[in-house]
Amino acid sequence: MDVVTAEEIAASGAVNLWDLLRFRVGLDVLEGRSSSGSNRAVVSVRGIPRDSTNELLVLLDGRSVYDPLGGATLWERIPVQIQDIERIEIVRGPNAALYGSNAGLGVINIITRRPAAPLAGEATVKGGTQRLGELAAAGETAGERGGLRLSATSRTQGGFPTAAEPSVQGHDFLHDHTGNFRGWKRVGDNTIELMAGISRQDFGKTSAGRPQSHADTNFQLARLERPTGPDSSLELRVSRDESMARDFPGP
């Protein structure tokens with residue numbers, strides 16, 4: 012097992028989520044472009060990289076982000092922001108007995124920060140090549156009986172026109188907007204936690220007649236935890252996911 016800590020995340024300067032997984036033992040990270048548009052990275056374990064790595068289970072706070080329609084993890088569409096991540100746990104090797112299906116090669120569990128500071132806020136601005144611009148902000152407040160955290164990121168990135176046959180039009184730009192909410196409340200001995208996230212994207216595609224697409228992804232999760240002993244607890248979890256994509260024909 013390997014863990015990407017909060018200190019490593021803060022020092023990385025990473026722009027993309029998959030950049031946090033580079034140079035970890037046993038992981039392969041490939042970045043590029045494909046006709047699917049937002050599938051801009053492939054993360055695999057032990058040398059089996061391909062667009063649809065359906066044997067690697069990726070979790071966000073214990074909730075699977077696997078796309079059953081495309082048969083892959085679309086890393087660009089995961090509704091989480093780097094400033095919200097507390098740590099990333101990487102388990103290499105078969106783990107279907109513990110985690111269920113799609114865990115034949117391993118598990119990557121992304122764990123977000125629980126609001127704990129009385130009052131805190133942060134904002135960052137980034138810029139780079141290919142007309143990269145990013146604005147991110149987050150704020151949280153918490154006490155002994157509850158807390159909440161709100162965060163948002165807006166990123167725009169230019170790309171390159173399609174260098175292919177004249178009949179194929181396209182441009183691999185990306186405009187991405189992500190927002191997250193996390194709150195918790197202690198009621199007696201029980202703890203109630205609510206999470207929600209949304210990702211909205213406009214991106215170019217390198218395919219004939221469909222050079223642009225729009226994608227929306229959102230989730231909501233409610234969790235109830237009740238202690239049953241000094242070192243044990245009972246957890247009830249309910250979650251909902253929704254994903255939608257639309258293509259727009261070119262001129």
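If you use the working numbering, the sequence shown corresponds to residues 12 to 262, in order. Just so you know, even glycine gets a beta-carbon here, dropped at the ideal spot from N, CA and C.
Item	Value
Taking only three categories from DSSP, how would you classify I20?	helix
State yes or no: is the beta carbon of I209 nearer than 8 angstroms to at least one beta carbon in chain D?	No chain D appears in this structure, which consists of one protein chain only.
Based on the DSSP output, what are the partners of S55 in its beta bridges?	D39
To which residues of the same chain is R166 closer than 6 angstroms at the C-beta, ignoring the five residues directly before and after it?	E145, D187
Can you tell me the Cα-Cα spacing of V248 and L232, whole angstroms?	Here residue 248 turns out to be Arg, not Val, going by the sequence shown. If I take the Cα positions, the gap works out to 7 angstroms.
Where does the unbroken beta strand (DSSP E) through I203 begin, and where does it stop?	201-215
Please name the residue in T140, S162, E19, G139 whose C-alpha comes closest to that of A148.	S162
In terms of DSSP beta bridges, what is V249 paired with?	A233
Whole angstroms is fine: what's the gap from H182's alpha carbon to L143's?	15 angstroms
Excluding sequence positions up to five away, which residues of its chain have a Cβ less than 8 angstroms from the Cβ of N201?	L235, E236, R237
Any contact of the region 114-122 with the region 132-140, i.e. 3+ C-beta pairs under 8 angstroms?	no
Can you tell me whether G73 sits near the ligand MN, meaning its C-beta is under 7 angstroms from at least one heavy atom of the ligand?	This structure does not include the ligand MN; it has no bound ligands of any sort.
I'd like the list of long-range same chain contacts for F184, defined as Cβ closer than 6 angstroms, with 5 residues on each side in sequence excluded.	G169, G170, G215
Tell me whether the beta-carbon of G157 lies closer than 8 angstroms to the beta-carbon of P129.	no
Taking the straight line between their C-alpha atoms, what separation do you get for S75 and E97?	18 angstroms
Run through the DSSP bridge pairs and tell me what D78 is partnered with.	A83
When the Cα atoms are used, what is the spatial distance from V102 to G111?	14 angstroms
DSSP three-state call for I89: helix, strand or coil?	coil
Using 8 angstroms for Cβ pairs, my map puts V198 next to E100. What's the rounded Cβ distance?	Incorrect: roughly 29 angstroms between the Cβ atoms, too far for contact.
When the Cα of G194 is compared with those of R125, E87, D72, which residue comes out closest?	R125
Can you grab the Cα-Cα spacing for the pair A21 / Q94, in whole Å?	8 angstroms
Suppose you measure from the CA of L38 to the CA of W29; what does that come to, to the nearest Å?	11 angstroms
Around the Cβ of S210, are there at least 16 other Cβ atoms within 10 angstroms (buried) or fewer (exposed)?	buried
Measure from the alpha carbon of R160 to the alpha carbon of each residue in T140, I121, M206, T239, then state which is nearest.	M206
Which first and last residues belong to the beta strand (DSSP E) in which N120 is found?	117-123
Would you mind working out which of R257, K196, T164 sits nearest T152, comparing C-alpha positions?	K196
Reducing DSSP to helix, strand and coil, say where P262 ends up.	For P262, the predicted model reports a pLDDT of 45, less than 50, meaning its position is unreliable; a value from the coordinates is still stated below. In the structure shown, P262 sits in coil (DSSP, three-state: anything other than H, G, I, E or B).
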